[in-house]
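Chains as they are written, first to last, in numbering that gives the first Met the number 0: chain S, 0 to 296; chain G, 0 to 441; chain Z, 0 to 297.
Glycine included, C-beta positions come from ideal geometry on N, C-alpha and C.
Below you'll find the structure, written out as structure tokens, and then a few comments.
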Amino acid sequence: MTHRSVLRGLLFASPWIVGFAIFQLVPIIASAYFSLTNFNLFQDPQFVGLRNYQRLASDALFWKSLLNTLYLTVIGVPVSLTAALAASLALNMRVRGQSLFRLFVFLPTVVPVVAATYIWRWLLNAQYGYVNGALGAVGLGQPLWLDDPFWTKPALILMSLWVTGSAMVVFLAALQDVPETYYEAAVIDGAGPWAKFRHVTLPLISPVILFETIIAGIFTLQYFTQAFLLGQTRLNAASGGPENSLLVYGLYLFQQAFVNLNMGYASAMAWVLLFVALAGTFLLLRVSRDRVFYAGD
Amino acid sequence: MRTAKVARPWAVIAAVAVAVAACSNSSSPAASSAAGSAPVAASTQPSAAPAEKVTVNFPYLWSGPEGAALEKVIATFNSSQAAITVKGVSSPDFQKQLASMSGSNGFDISDNFGSTVGSWASKGILEPLDDYAKADGTDMSDFVPTALQSNQYQGKTYALPIAVHTLLLMYNKKMFSDAGISGPPTTMTDLQADIVKLTKVDASGNITQFGMRSPDYITLAYAFGGKWYDDKGAATPDDPGNLAALHFWVDNVVKKYGADAIKKFESGYGEYASAQNPFYTGKVAMTLDGEWQPVFIKQYAPSLDWGVVAIPYPAGQQTLAGATQLTSSMFFIPKNAPNKQAAWTFLKYLTGADAMKEFSRALGNLPARTSLLGDPVYSDLPQFNVWLDSLKSPNLRIFASLPSTAQYQKDLSDEFQLIANLTDTPEAGMAKVKANASGYSQ
Amino acid sequence: MQATEAAPAPARAPNGVFPATSRLSRGRVAGSAWRYVVLAVVSALYLFPFIVVLTTSLKPADEIFKLPPSLGSDRWTLDNYRAALDAMPFGRYLFNTALISSITVVGQLLSSSIVAFSLAKIRWRGRDALLLLIVATMMLPPQVTMIPVYIAWSKLGLTGTYLPLLIPQFFGLPFFIFMLRQFFRGIPEELIDAARVEGASDFRIYRSVVLPLSRPALVALSIFAFMWAWTDFLLPLIYINDPEQYTLSIGLYSFFSEHGVEWGALMAAATLMSLPLVLLFFVGQRQFVRGIALTGIK
Numbered sequence: 000m001t002h003r004s005v006l007r008g009l010l011f012a013s014p015w016i017v018g019f020a021i022f023q024l025v026p027i028i029a030s031a032y033f034s035l036t037n038f039n040l041f042q043d044p045q046f047v048g049l050r051n052y053q054r055l056a057s058d059a060l061f062w063k064s065l066l067n068t069l070y071l072t073v074i075g076v077p078v079s080l081t082a083a084l085a086a087s088l089a090l091n092m093r094v095r096g097q098s099l100f101r102l103f104v105f106l107p108t109v110v111p112v113v114a115a116t117y118i119w120r121w122l123l124n125a126q127y128g129y130v131n132g133a134l135g136a137v138g139l140g141q142p143l144w145l146d147d148p149f150w151t152k153p154a155l156i157l158m159s160l161w162v163t164g165s166a167m168v169v170f171l172a173a174l175q176d177v178p179e180t181y182y183e184a185a186v187i188d189g190a191g192p193w194a195k196f197r198h199v200t201l202p203l204i205s206p207v208i209l210f211e212t213i214i215a216g217i218f219t220l221q222y223f224t225q226a227f228l229l230g231q232t233r234l235n236a237a238s239g240g241p242e243n244s245l246l247v248y249g250l251y252l253f254q255q256a257f258v259n260l261n262m263g264y265a266s267a268m269a270w271v272l273l274f275v276a277l278a279g280t281f282l283l284l285r286v287s288r289d290r291v292f293y294a295g296d
Numbered sequence: 000m001r002t003a004k005v006a007r008p009w010a011v012i013a014a015v016a017v018a019v020a021a022c023s024n025s026s027s028p029a030a031s032s033a034a035g036s037a038p039v040a041a042s043t044q045p046s047a048a049p050a051e052k053v054t055v056n057f058p059y060l061w062s063g064p065e066g067a068a069l070e071k072v073i074a075t076f077n078s079s080q081a082a083i084t085v086k087g088v089s090s091p092d093f094q095k096q097l098a099s100m101s102g103s104n105g106f107d108i109s110d111n112f113g114s115t116v117g118s119w120a121s122k123g124i125l126e127p128l129d130d131y132a133k134a135d136g137t138d139m140s141d142f143v144p145t146a147l148q149s150n151q152y153q154g155k156t157y158a159l160p161i162a163v164h165t166l167l168l169m170y171n172k173k174m175f176s177d178a179g180i181s182g183p184p185t186t187m188t189d190l191q192a193d194i195v196k197l198t199k200v201d202a203s204g205n206i207t208q209f210g211m212r213s214p215d216y217i218t219l220a221y222a223f224g225g226k227w228y229d230d231k232g233a234a235t236p237d238d239p240g241n242l243a244a245l246h247f248w249v250d251n252v253v254k255k256y257g258a259d260a261i262k263k264f265e266s267g268y269g270e271y272a273s274a275q276n277p278f279y280t281g282k283v284a285m286t287l288d289g290e291w292q293p294v295f296i297k298q299y300a301p302s303l304d305w306g307v308v309a310i311p312y313p314a315g316q317q318t319l320a321g322a323t324q325l326t327s328s329m330f331f332i333p334k335n336a337p338n339k340q341a342a343w344t345f346l347k348y349l350t351g352a353d354a355m356k357e358f359s360r361a362l363g364n365l366p367a368r369t370s371l372l373g374d375p376v377y378s379d380l381p382q383f384n385v386w387l388d389s390l391k392s393p394n395l396r397i398f399a400s401l402p403s404t405a406q407y408q409k410d411l412s413d414e415f416q417l418i419a420n421l422t423d424t425p426e427a428g429m430a431k432v433k434a435n436a437s438g439y440s441q
Numbered sequence: 000m001q002a003t004e005a006a007p008a009p010a011r012a013p014n015g016v017f018p019a020t021s022r023l024s025r026g027r028v029a030g031s032a033w034r035y036v037v038l039a040v041v042s043a044l045y046l047f048p049f050i051v052v053l054t055t056s057l058k059p060a061d062e063i064f065k066l067p068p069s070l071g072s073d074r075w076t077l078d079n080y081r082a083a084l085d086a087m088p089f090g091r092y093l094f095n096t097a098l099i100s101s102i103t104v105v106g107q108l109l110s111s112s113i114v115a116f117s118l119a120k121i122r123w124r125g126r127d128a129l130l131l132l133i134v135a136t137m138m139l140p141p142q143v144t145m146i147p148v149y150i151a152w153s154k155l156g157l158t159g160t161y162l163p164l165l166i167p168q169f170f171g172l173p174f175f176i177f178m179l180r181q182f183f184r185g186i187p188e189e190l191i192d193a194a195r196v197e198g199a200s201d202f203r204i205y206r207s208v209v210l211p212l213s214r215p216a217l218v219a220l221s222i223f224a225f226m227w228a229w230t231d232f233l234l235p236l237i238y239i240n241d242p243e244q245y246t247l248s249i250g251l252y253s254f255f256s257e258h259g260v261e262w263g264a265l266m267a268a269a270t271l272m273s274l275p276l277v278l279l280f281f282v283g284q285r286q287f288v289r290g291i292a293l294t295g296i297k
């Protein structure tokens with residue numbers, strides 16, 4: 000390794016490095032600066048020190064949006080990953096036409112988010128929607144879904160279950176990486192299907208589960224599009240859904256920045272999000288240290 | 000050795016494609032009008048009419064038949080002179096409008112409600128119009144005074160009104176006679192009784208017919224003598240009249256039929272501007288709605304048997320009769336408009352008597368000029384005169400257009416939801432809004 | 000644990016689209032019918048929304064609002080599609096979206112692969128630190144940089160064009176860089192060394208050795224980048240204002256803002272929006288799925 004090799008390495012990596020500097024490093028610093036100002040884009044920024052952060056602390060909507068997002072992350076991520084895992088186990092079964100079934104489960108992920116959201120808006124219509132139609136047909140209660148502040152986030156989670164196809168595929172590939180010999184050894188020891196799953200499958204795919212959890216967690220913290228579209232009203236007056244139950248963090252930030260034109264305040268919100276994301280990832284990595292089994296590392 | 004798929008040919012294609020993308024955007028109206036009228040756009044002072052043909056970019060919030068009516072007005076303007084071509088586009092999206100004004104390639108002129116002037120003007124988003132008016136001697140005295148006032152901020156005019164609107168109580172005559180009610184309600188007690196008579200609930204508690212569509216609480220508060228701002232411009236959400244209005248709805252309707260049942264019924268409403276509007280299909284018997292309804296009904300529900308009266312007053316308080324909220328629609332020129340002078344010329348035309356008469360008649364809106372209020376052109380609109388008369392009421396109220404208005408209205412609307420869902424009591428809810436209001440920008 | 004190296008690697012004979020299950024177990028083909036039932040139920044659940052959209056888009060308004068909701072209808076009609084196409088210049092949006100997506104793919108192919116080459120095939124000090132930095136930035140919420148970047152484009156006078164969407168695509172994306180780096184590492188060092196011995200420059204090696212051998216990963220990247228750009232919503236939302244320039248996502252969103260809950264027409268519009276990608280998927284299923292599997296492990 001010489002200085003020349005460092006130059007070569009940097010040269011080839013330069014597209015990313017330059018991009019990072021322009022589109023991430025400088026904006027991050029600028030964003031930190033803006034978070035200390037009042038700035039509405041039309042007039043010059045006014046320096047206000049830490050006032051934005053103080054206002055955040057007493058802003059009920061800020062806490063609400065944070066709670067909404069944490070709800071989706073803490074409840075939604077495990078639910079959707081469990082569904083993905085269950086689907087991958089089912090689709091790992093050896094049947095004829097296995098490939099076709101896998102196709103069906105994966106297909107929804109190809110539908111553009113905007114279209115998928117409107118489709119679910121229709122499915123979840125309290126009066127004419129098919130979800131309630133099906134629930135009614137089997138005699139279960141029919142929640143008001145998108146009109147009921149209690150049910151809007153479960154509705155979002157339900158929607159996310161439809162597009163677990165990509166996590167499902169990753170889990171499938173991981174399942175196939177588990178050597179058959181382990182299962183055979185377990186059977187010899189007298190293990191049934193559940194024990195096999197718990198003592199062979201789970202530990203061996205745990206790195207992948209962790210990876211998917213982190214990815215899903217990060218994406219959920221940044222959640223925006225579906226919540227924005229589900230709350231969309233005619234003429235697009237900004238809305239966070241019934242009683243702001245759909246006001247996820249990303250949506251409130253968007254409202255502050257692009258509707259109320261409080262760019263400074265929105266920048267402060269962005270920084271808070273960054274800390275939450277880092278803290279969350281760090282926490283997750285620590286908690287999983289003893290539970291994730293890295294074979295052959 | 001096989002050469003790589005990627006690299007040279009792709010790099011060339013990429014470069015060409017990017018160039019195409021950047022160039023194709025320069026054919027957009029904003030860019031071309033900026034390029035074609037650079038000498039005009041450079042000056043911020045009003046000057047003489049431009050010598051070359053200027054394109055004025057005009058996105059508007061109206062759509063459907065209303066948009067089509069506006070396009071007719073635009074066409075008349077375009078063919079009446081050769082210096083300016085107005086390009087109109089229907090863009091029914093508050094979000095997009097604001098984004099365009101905060102971006103770099105703005106539009107030249109657009110519309111919105113008078114209540115936004117306070118917050119936008121205080122942020123420096125709107126172009127002040129007084130100098131343009133003075134330069135070509137435009138007379139502003141014919142505009143309905145309250146409408147013009149709401150388009151002004153700190154003594155300067157930032158928009159011109161095209162129409163004013165009031166809300167009145169519309170009712171379905173057939174449903175009334177079927178329920179055995181002889182006439183429309185005059186007091187709130189009557190209204191309460193009528194709502195009960197006209198609401199039908201099935202065996203499982205589901206509403207199948209609703210006496211009245213959830214009202215606009217701001218207007219309802221005016222009917223109860225409430226007010227939302229005091230004389231000094233401080234927010235007064237907890238005014239007793241406001242609370243009385245909220246209690247009227249919460250105690251008599253929501254608690255009676257259940258917040259969930261009402262929400263469920265409301266989620267089945269069809270689109271407002273269509274034949275599936277719940278008032279047209281008989282799902283609701285009464286609604287508080289605006290003067291454009293005669294035109295809408297002619298188009299979507301021509302066989303509907305309906306009537307309209309002033310909003311009821313609380314029993315024993317006849318002095319409050321005829322109260323309603325006046326709102327206005329206006330045209331404005333954003334600060335970042337590329338062609339301000341041409342936009343002003345068009346703005347003046349739009350709010351001139353002829354164009355206003357044509358446009359407001361097509362939309363069935365009340366004109367914003369006092370000279371047009373008695374014009375016979377509106378006489379063939381069924382029951383439109385009831386709205387015209389409402390403008391004469393001494394209890395006509397307007398929601399002040401201050402810098403805090405947008406935020407205040409949003410907080411109120413959020414809180415109204417909580418109150419209608421019985422999550423908050425009217426007192427607690429309005430107290431919350433009042434506490435928030437101390438943080439509003441003045 | 001050493002036992003992992005001793006076990007035989009499962010064979011991956013491509014069986015249809017998805018990687019096959021382990022060779023050792025293929026002999027025991029399923030006999031019990033309940034597996035089919037489970038799979039049929041799961042598939043039905045995932046396919047149901049598609050059926051709903053399709054049937055709703057073909058029904059007139061009074062059939063849509065029948066209670067209780069049923070899939071069938073007494074009358075079928077294409078009116079909703081006519082209304083949707085009247086309201087949206089579908090062809091225009093399709094073209095715009097395809098343009099943006101294609102340029103995105105080209106940008107990412109060029110930039111991400113070059114950076115991945117540096118991380119995988121050039122030995123230099125600081126390489127691993129850079130990789131760590133790149134991966135760490137994946138965690139950065141886009142909201143942090145969104146506002147200053149928007150302000151910058153606005154000051155440059157470039158909002159309302161496609162440039163804010165396209166230019167960043169020529170600087171690589173951590174996800175793609177990482178994916179390609181993993182793949183490049185799998186290319187045997189002997190080939191690289193042989194080329195170096197012959198005096199080939201870094202760029203020559205990149206172009207003539209690494210890239211041709213990376214076809215599956217490059218195809219996977221192209222598909223992902225294409226799909227991501229095609230369905231992106233936030234960036235076009237804040238940067239594109241002229242309806243002539245709308246993408247499909249914004250087009251559908253604007254259709255809603257104008258027509259609200261006209262369900263029949265909205266479902267027709269949603270179907271039209273989804274068709275191109277769904278068709279593309281059926282044509283290239285194998286690559287899609289292989290690509291995703293590539294990203295998930297290791």
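In the DSSP assignment, G/T84 falls within the unbroken beta strand (DSSP E) covering I83 to S89. Leaving aside the five residues that flank Z/A194 on each side, the residues in its chain whose CB is nearer than 6 Å to its CB run, in chain order, I204 and V208. Fully enclosed alpha helix (DSSP H) runs of no fewer than 4 residues occupy 339–349, 352–362 and 383–389 of the segment 336–399 of chain G, in order along the chain.
Closer than 8 Å at the C-beta level to chain S, one finds these residues of the segment 85–100 of chain G: P91, D92, F93, Q94, K95, L97 and A98.
By the rule that beta-carbons nearer than 9 Å mark a contact, Z/V277 touches chain S.
In the structure shown, S/S57 adopts coil according to DSSP, grouped into three states.
Against chain S, the beta carbon of G/T422 has neighbours under 7 Å at E242, listed in chain order. When rounded, the separation of the alpha-carbon atoms in Z/V148 and G/G105 is 18 Å.
The alpha carbon of Z/F47 has as its nearest neighbour, out of S/P44, S/G128, S/V169 and S/M262, the alpha carbon of S/G128.
Secondary structure remark: continuous alpha helix (DSSP H) runs of at least 4 residues inside the segment 128–203 of chain G, in chain order: 129–134, 144–149, 172–177 and 187–197. Look at G/Q324 here: in three-state DSSP terms it is strand.
Contacts between Z/A60 and chain G, judged by CB atoms closer than 9 Å, involve G269, S273, A274 and Q275 in chain order.
The Cβ of G/A158 sits no closer than 9 Å to any Cβ of chain S.
For S/W150 and S/L282, the gap between their C-alpha atoms comes out near 29 Å.
In the three-state reduction of the DSSP assignment, G/M429 falls in the helix class, which pools H, G and I. As the crow flies, the alpha-carbon of G/V163 is around 59 Å from that of S/F100. G/V283: member of the beta strand (DSSP E) spanning V283 to G289, first to last residue.
Under the Cβ criterion (8 Å, minimum of three pairs), the segment 214–233 of chain G does not count as touching the segment 345–362 of chain G. Bounds of the alpha helix (DSSP H) holding Z/P235 are L233 to Y238.
Secondary structure of S/S13 (DSSP, three-state): helix. A distance below 9 Å separates the beta carbons of Z/F254 and Z/A268.
For Z/M138, the secondary structure class from DSSP, reduced to helix, strand or coil, is coil. Within chain G, the residues K262, K263, E265 and S266 have their CB atoms less than 8 Å from the CB of S/D146, given in chain order.
Identification of residues in the segment 45–71 of chain S having a C-beta nearer than 7 Å to some C-beta of chain Z yields an empty set.
Between the alpha carbons of G/T344 and G/T137 lies a gap of roughly 11 Å. Under DSSP, Z/F281 takes part in no beta bridge, so it has no partner.
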